[in-house]
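Asks: One structure, as structure tokens, below. Some questions next.
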């Protein structure tokens with residue numbers, strides 16, 4: 001999903017990428033790059049990585065662990081996570097379009113380890129609240145994002161909260177029947193409304209997938225290369241801030257930590 005295609009239909013959810021591979025190679029290939037106007041949400045469905053941030057501490061993100069980065073007015077990142085013990089990782093990166101009051105606001109990073117991600121039945125609550133469980137991530141109101149793991153043949157339903165008329169899911173492993181079969185690497189959109197979403201995992205392999213539901217983002221999308229804003233003026237301010245940070249970043253020199261990562265540059 002990109003802001004120029006399904007993101008327009010599913011906003012505030014505007015970008016989704018399923019990534020997988022050797023974290024050592026992925027980190028080497030990923031350049032430092034900027035964002036503004038959005039929050040990035042990285043959740044892991046396989047393997048583990050190390051985070052090391054002077055403002056947020058050091059630890060490990062495994063299955064269900066989350067990196068939340070509110071880019072706000074501007075940030076550079078891309079190398080703040082390094083390889084853990086696993087040979088392979090898999091996960092999703094999601095972009096959430098921020099409301100006008102936050103899109104050019106302060107930057108914030110949170111790293112929530114798996115044991116701190118609340119669980120309700122088969123669902124881990126990545127953002128928002130579900131079935132009495134609330135994520136510690138300080139995301140805007142009106143958004144729910146879940147990581148769900150079903151055993152073979154298991155059935156599960158999710159009822160969006162009142163006003164959460166945007167709904168979708170994407171499969172990381174196995175396959176799910178939600179009225180039609182959705183397989184690994186695919187996503188599906190639910191009709192606009194607040195009806196329950198019904199899921200049945202593949203009878204042989206089960207399924208791991210993410211589900212998003214939200215109050216619609218009633219603002220236009222103004223797109224930069226790595227930025228999403230609600231107006232041309234907000235986009236221009238974000239891109240100006242990114243350029244200023246880029247100049248400072250070039251002057252900062254080697255910022256690698258002892259674990260080999262490069263902290264987020266705010």
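In full-length UniProt numbering, the protein residues as written are 1 to 266. The beta carbon of each residue, even a glycine, is placed where N, CA and C say it ideally should be.
(1) When the Cβ atoms of the segment 30-49 are set against those of the segment 81-98, are three or more pairs found closer than 8 Å?
(2) Could you tell me the distance, in whole angstroms, from the CA atom of residue 35 to the CA atom of residue 163?
(3) So does the segment 162-182 actually touch the segment 132-139, counting three or more Cβ pairs closer than 8 Å?
(4) Excluding the five sequence neighbours on either side, which residues of its own chain have a C-beta within less than 7 Å of the C-beta of residue 80, listed in chain order?
(5) Here's a check: name, in chain order, each residue in its chain whose Cβ is nearer than 6 Å to the Cβ of residue 199, leaving out the five neighbours to either side.
(6) From what residue to what residue does the alpha helix (DSSP H) around residue 26 run?
(7) First and last residue of the beta strand (DSSP E) that includes residue 108?
(8) Give the single residue among 41, 1, 190 and 184 whose Cα lies nearest to the Cα of residue 112.
(9) Tell me which residues share the same chain as residue 171 and place their Cβ nearer than 8 Å to its Cβ, disregarding the 5 neighbours each side in the sequence.
(10) Any contact between the segment 54-69 and the segment 13-25? By contact I mean 3 or more CB pairs, one from each, below 8 Å.
(11) Check for me: the beta strand (DSSP E) holding residue 57 runs from which residue to which?
(12) How would you call residue 227, buried or exposed, if buried means at least 16 neighbouring beta carbons within 10 angstroms?
(13) Determine whether the beta carbon atoms of residue 39 and residue 68 lie at a separation below 8 Å.
(14) For residue 131, collect the residues of the same chain with a Cβ closer than 7 Å to its Cβ; drop the 5 residues on either side in sequence, then sort them by chain order.
(15) According to DSSP, which residues form a beta bridge with residue 117?
(16) Assign residue 301 to buried or exposed, taking buried as 16 or more other Cβ atoms, counted over all protein chains shown, within 10 Å of its Cβ.
(17) Kindly indicate which residue of 141, 223 and 22 has the alpha-carbon position closest to the one of residue 5.
(18) Hey, would you say residue 229 sits closer than 8 Å to residue 73, going by beta carbons?
(19) Who are the near neighbours of residue 107 in its chain, counting only those whose CB is closer than 8 Å to its CB and skipping five residues on each side?
Replies: Here's the rundown:
(1) Counting C-beta pairs with one atom in each stretch, the segment 30-49 and the segment 81-98 have three or more that are closer than 8 Å, which means they touch.
(2) Going from the Cα of residue 35 to the Cα of residue 163 covers about 29 Å.
(3) With the cut-off at 8 Å, the segment 162-182 and the segment 132-139 do not touch.
(4) Scanning its chain for C-beta atoms nearer than 7 Å, with the 5 sequence neighbours on each side dropped, one finds around residue 80 the residues 51, 53, 261, 262, 263 and 264, in chain order.
(5) Sequence-distant Cβ neighbours of residue 199 in its own chain, meaning closer than 6 Å and more than five residues away, are 156, 176 and 178.
(6) That run of the alpha helix (DSSP H) goes 23-29.
(7) Where residue 108 is concerned, the enclosing beta strand (DSSP E) stretches over 108-112.
(8) Nearest Cα to residue 112 within the set 41, 1, 190 and 184: 41.
(9) Hits under 8 Å: 182, 183, 184, 185, 186, 187, 207, 208 and 209.
(10) Output reads no: the segment 13-25 does not touch the segment 54-69.
(11) Where residue 57 is concerned, the enclosing beta strand (DSSP E) stretches over 57-61.
(12) With 16 or more other Cβ atoms within 10 Å, it is buried.
(13) In this structure, the beta-carbon distance from residue 39 to residue 68 falls below 8 Å.
(14) Scanning its chain for C-beta atoms nearer than 7 Å, with the 5 sequence neighbours on each side dropped, one finds around residue 131 the residues 120 and 121, in chain order.
(15) Answer is none; residue 117 lacks a bridge partner.
(16) With the chain running from 1 to 266 in the structure shown, residue 301 is simply not present.
(17) Selection 141, 223 and 22 evaluated against residue 5 yields 223 as nearest (Cα-Cα).
(18) Cβ distance not < 8 Å, so residue 229 and residue 73 don't count as in contact.
(19) 69, 70, 71, 72, 73, 74, 75, 264 and 266.
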